[in-house]
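Undergrad: Dropping a structure here in structure tokens format, bear with me for questions.
Residue numbers (my numbering), protein chains in the order written: chain A, 1 to 278; chain B, 1 to 600.
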């Protein structure tokens with residue numbers, strides 16, 4: 001086992017290359033991701049998801065991120081789906097007025113042409129959803145995300161919601177992710193060196209082996225958090241009030257173009273799904 | 001690199017009166033960390049704050065930076081008295097740099113972290129931008145402005161941390177043990193920066209440290225002990241009082257001690273000698289005896305001729321981190337070396353030399369993409385090789401092992417390996433007792449102690465005992481004394497010396513300094529940029545001290561003094577391990593016959 005989580009866990013990682021997608025305004029990207037997700041929920045079958053799938057491929061090419069690297073992040077997703085999709089196929093219920101083509105049938109379980117299509121559709125939908133979030137994270141720095149979120153959440157300030165504090169908390173939590181991953185790798189290496197085999201034993205045994213890793217991980221993280229509070233105070237942090245920002249956000253023509261493209265593909269998919277149900 | 005921040009002039013006057021600070025103030029378990037401190041720190045003063053662990057120096061730093069409120073007494077900064085209401089105003093004036101940069105970095109990107117402080121001050125956008133760019137340029141960080149902090153090296157992170165504090169233009173900068181956890185060259189850069197800030201901008205600097213040689217050119221040294229100011233004066237004055245310093249667990253710089261010994265041997269030197277250069281200058285005008293060829297020092301202790309039977313063979317090993325991702329970086333670029341059975345080897349190199357990667361490969365924790373590692377003639381990454389058994393044979397004490405303890409009590413943590421191997425309770429108990437004793441902890445006293453109630457040094461010992469309890473044949477210690485104060489270092493180094501002698505182990509000592517640990521080794525392997533560049537006994541290697549220095553390896557203080565002296569005394573040997581040898585060499589050349597009674 002190579003123990004390079006950061007190599008295999010690609011989710012949430014920002015990939016520092018320049019591409020058309022990287023240079024978009026974070027708000028545009030967040031809104032686009034939201035549009036894609038909303039439209040994906042309105043699709044009803046493989047035909048209606050197709051435009052969104054095509055859009056995902058176009059976006060993937062535009063990000064210039066190696067396709068192999070993106071796919072590596074799908075491993076866990078595929079493994080999970082490999083577990084769930086068969087259930088969906090086996091328990092597939094005929095829609096009213098649709099004639100089912102069965103290959104095999106027993107009690108309430110069945111394998112049918114429609115069931116398999118349904119399974120593939122679910123998988124495609126999950127991929128589209130995952131891909132939109134993943135691309136957002138790959139191409140947008142945390143600070144861009146949180147700045148974008150802060151601006152979009154601005155109306156909430158009127159409801160006395162502490163927007164700045166909330167965003168700051170999120171930013172710091174995310175800052176801790178790479179630190180915690182490094183720490184986790186370090187602790188697991190130490191345990192392996194002491195003879196622990198994380199890759200052997202039953203699920204319960206494996207989980208129990210994680211205790212010696214998780215306890216110091218949390219203890220160290222808590223003490224770090226405590227020091228970070230002192231450090232932030234020492235640097236004059238006192239919440240959002242009276243705080244200014246170095247960064248500004250400026251949406252431009254290409255944001256409009258990107259938004260229109262996403263909207264076009266999304267609406268086609270949603271329209272087909274809503275009106276034709278396929 | 002020259003720090004220059006346009007138009008910035010810091011003036012900071014700090015006045016402490018009867019200052020006390022209690023942790024858990026008012027409760028039964030209150031800890032009195034500061035017990036009545038009276039101090040005045042003048043604008044532009046360069047102050048070193050010394051003291052062993054628990055002396056109160058870090059607490060003092062936090063009160064000065066207005067993050068802790070005094071329990072009683074007053075803190076006054078530029079006329080503002082510290083209180084909950086005025087804390088913010090004082091924090092604007094006093095910047096605090098922490099021991100570990102990761103502790104104080106808030107943002108994900110360099111530029112955003114540097115802007116964090118000015119943003120908190122509510123400065124207008126254009127002004128923040130100008131200030132951030134100025135700092136970036138001044139600290140040589142412009143190229144990294146948009147880099148992710150998690151992708152930076154330790155040294156770069158520290159520079160970012162300091163940049164973030166300087167962006168607020170503090171008139172007083174407090175450095176809270178920033179040099180404990182970083183490599184010596186980075187520590188020197190940091191100190192140079194402190195001197196520049198004072199010289200260019202009149203910033204007062206309070207530097208907290210364990211290392212005496214860092215502060216010899218400061219204006220003032222304040223020694224803390226038991227929550228009080230124990231000594232306060234110029235370095236020339238403080239370092240004459242060696243006995244008092246030793247009394248509180250500190251010491252004078254090695255060159256000062258050497259200077260005192262030389263005076264004792266009849267060489268007329270001004271006291272105290274604070275730097276190798278001063279020693280050099282003081283010796284230069286003295287009459288020198290021509291002693292001809294230097295006595296070859298290594299003759300007496302040539303390494304034993306009996307060659308070790310080869311245990312581990314590392315052949316052309318390559319390892320790349322994050323291979324196949326956009327973040328790939330080379331860790332090993334063709335490392336080749338051998339380690340003999342029962343041999344004690346020092347694996348030396350500067351940062352990023354590949355030492356840690358190599359030991360992880362030896363233990364099968366990382367699989368090289370190219371090259372082979374064989375142990376007892378068997379290739380460890382071959383199919384069917386029992387890597388679990390290998391890990392039982394090779395014990396690694398990782399860096400800062402105390403952060404890896406996980407059981408509640410000492411006994412449980414140390415017995416982890418015997419229990420895992422399913423040994424009967426009596427045998428497991430005997431192993432734990434033996435291992436705790438070996439690391440100098442009494443079994444009965446410590447068996448049931450809670451791990452989190454131990455001191456840093458004790459925890460480290462427990463961690464070492466835990467690795468010994470797996471009864472390895474090979475013991476690898478990765479920078480085992482790093483991050484400890486001088487007292488802790490010496491104690492642990494002595495302990496390791498005893499362990500390596502008493503136990504019939506193959507030992508690999510990993511480090512970046514030719515220190516007392518490296519001296520234990522039969523042989524040293526020097527790594528640089530992922531490859532083995534030199535091998536030999538320490539004395540052989542020290543003949544070319546300039547080369548070692550050049551690849552970022554830290555010389556021992558003794559060798560470093562010798563290296564500086566050689567620049568003026570051409571026949572000065574640099575292959576010296578102990579300060580006594582250096583003393584003898586100097587006495588041979590400069591001693592008078594009457595004073596030279598020490599020399600055999």
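Yeah, the Cβ is synthetic: ideal placement off N, Cα and C, and Gly gets one too.
Less than 7 Å between CB atoms is the rule here; does residue 29 of chain A satisfy it with respect to chain B?
TA: no
Undergrad: With 7 Å as the threshold, decide whether the Cβ of residue 61 of chain A is near any Cβ in chain B.
TA: With 7 Å as the cut-off, residue 61 of chain A does not count as an interface residue toward chain B.
Undergrad: May I have the straight-line CA-CA distance separating residue 135 of chain B from residue 576 of chain B, to the nearest angstrom?
TA: 43 Å
Undergrad: May I ask you to list, following chain order, the residues of the segment 238-267 of chain A that have a beta carbon less than 8 Å from some beta carbon of chain B?
TA: Per Cβ criterion, the list reads 238, 242, 243, 244, 245, 246, 247, 248.
Undergrad: Going by the CB atoms, is the gap between residue 21 of chain B and residue 33 of chain B shorter than 7 Å?
TA: By the CB criterion at 7 Å, residue 33 of chain B and residue 21 of chain B fall inside the cutoff.
Undergrad: In or out: residue 113 of chain A buried (at least 16 other Cβ within 10 Å) or exposed?
TA: exposed
Undergrad: Return yes when the Cβ of residue 19 of chain B is within less than 7 Å of the Cβ of residue 70 of chain B, no when it is not.
TA: Yes, Cβ-Cβ distance for residue 70 of chain B and residue 19 of chain B is below 7 Å.
Undergrad: What does the Cβ neighbour count give for residue 428 of chain B, buried or exposed, with the cut at 16 atoms within 10 Å?
TA: buried
Undergrad: Quick check on residue 103 of chain A: buried or exposed, where buried means 16 or more other Cβ atoms within 10 Å of its Cβ?
TA: exposed
Undergrad: Run through chain E and tell me which residues come within less than 7 Å of residue 119 of chain B, C-beta to C-beta.
TA: The structure shown contains no chain E; its protein chains are A and B.
Undergrad: Going along the chain, which unbroken runs of the alpha helix (DSSP H) with 4 or more residues stay wholly within the segment 55-118 of chain B?
TA: Listed in chain order, the complete alpha helix (DSSP H) runs (minimum 4 residues) inside the segment 55-118 of chain B are 57-64, 87-93.
Undergrad: Name the residue from A:64, A:53, A:240 whose alpha carbon lies nearest to the alpha carbon of residue 157 of chain A.
TA: Out of A:64, A:53, A:240, A:240 has the C-alpha closest to the C-alpha of residue 157 of chain A.
Undergrad: For the segment 334-367 of chain B, list every residue whose C-beta sits within 8 Å of some C-beta in chain A, in sequence order.
TA: Of all residues in the segment 334-367 of chain B, only 360, 363, 365, 366, 367 come within less than 8 Å of chain A when Cβ atoms are compared, listed by chain position.
Undergrad: Kindly say whether residue 122 of chain B, judged by its beta-carbon, lies nearer than 7 Å to any beta-carbon of chain A.
TA: Output row for residue 122 of chain B: interface = yes.
Undergrad: Give me whichever residues DSSP pairs with residue 106 of chain A in a beta bridge.
TA: A:109
Undergrad: With DSSP collapsed to three states, give me the class of residue 555 of chain B.
TA: It is coil, neither helix nor strand.
Undergrad: Given this structure, state the Cα-to-Cα distance separating residue 216 of chain B from residue 511 of chain B, to the nearest angstrom.
TA: 25 Å
Undergrad: List, in order along the chain, the chain B residues whose C-beta lies closer than 8 Å to that of residue 172 of chain A?
TA: 106
Undergrad: At least one CB of chain A closer than 7 Å to the CB of residue 519 of chain B: is that the case?
TA: no
Undergrad: Residues of chain B with a CB under 8 Å from the CB of residue 70 of chain A: which are they?
TA: Neighbours of residue 70 of chain A across chain B, judged by C-beta separation under 8 Å, do not exist; the nearest C-beta is about 11 Å away.
Undergrad: Can you find a C-beta in chain B that's less than 7 Å from the C-beta of residue 46 of chain A?
TA: no
Undergrad: For residue 293 of chain B, does the count of other Cβ atoms within 10 angstroms reach 16, so buried, or fall short, so exposed?
TA: Model confidence at residue 293 of chain B stands at a pLDDT of 49, short of 50, so the residue's coordinates are unreliable and nothing is read from them.
Undergrad: So, using beta-carbon positions, are residue 439 of chain B and residue 461 of chain B closer together than 7 Å?
TA: yes
Undergrad: Going by Cα to Cα distance, which pick from B:160, B:149, B:126, B:123 is closest to residue 138 of chain B?
TA: B:160
Undergrad: Suppose you measure from the CA of residue 351 of chain B to the CA of residue 331 of chain B; what does that come to, to the nearest Å?
TA: 11 Å
Undergrad: Along the chain, where does the beta strand (DSSP E) containing residue 15 of chain B start, and where does it finish?
TA: Here the beta strand (DSSP E) through residue 15 of chain B covers 14-23.
Undergrad: Can you pull the chain A neighbours of residue 164 of chain B, defined as C-beta to C-beta under 8 Å?
TA: 235
Undergrad: Does DSSP put residue 1 of chain A in a helix, a strand or coil?
TA: Summary for residue 1 of chain A: the model assigns pLDDT 45, below 50, so the residue's position carries little reliability; its value from the coordinates is reported in the next sentence. Of the three classes helix, strand and coil, the one that applies to residue 1 of chain A here is coil, per DSSP.
Undergrad: Checking 7 Å against the spacing of the C-beta atoms, do residue 475 of chain B and residue 395 of chain B come in under that value?
TA: yes
Undergrad: Who are the near neighbours of residue 279 of chain A in its chain, counting only those whose CB is closer than 7 Å to its CB and skipping five residues on each side?
TA: Look at the range of chain A in this structure, 1 to 278, and you will see that residue 279 of chain A is not part of it.
Undergrad: Note down the Cα distance separating residue 473 of chain B from residue 422 of chain B, rounded to an integer number of angstroms.
TA: Pairing residue 473 of chain B with residue 422 of chain B, the inter-Cα distance amounts to about 19 Å.
Undergrad: Quick check: what's the CA-CA separation for residue 177 of chain B versus residue 452 of chain B?
TA: 22 Å
Undergrad: Going along the chain, which residues of the segment 408-441 of chain B sit with their C-beta nearer than 8 Å to a C-beta in chain A?
TA: Residues of the segment 408-441 of chain B with a C-beta atom less than 8 Å from some C-beta of chain A are 416, 417, 420, 421, listed in chain order.
Undergrad: Taking its Cβ as the centre, do 16 or more other Cβ atoms sit within 10 Å of residue 23 of chain B, making it buried, or is it exposed?
TA: exposed
Undergrad: Mapping the DSSP letters down to three states, classify residue 316 of chain B as helix, strand or coil.
TA: strand
Undergrad: Can you name, in chain order, every residue of its own chain whose Cβ lies under 8 Å from the Cβ of residue 98 of chain B, other than the five neighbours on each side?
TA: 104, 161, 176, 178
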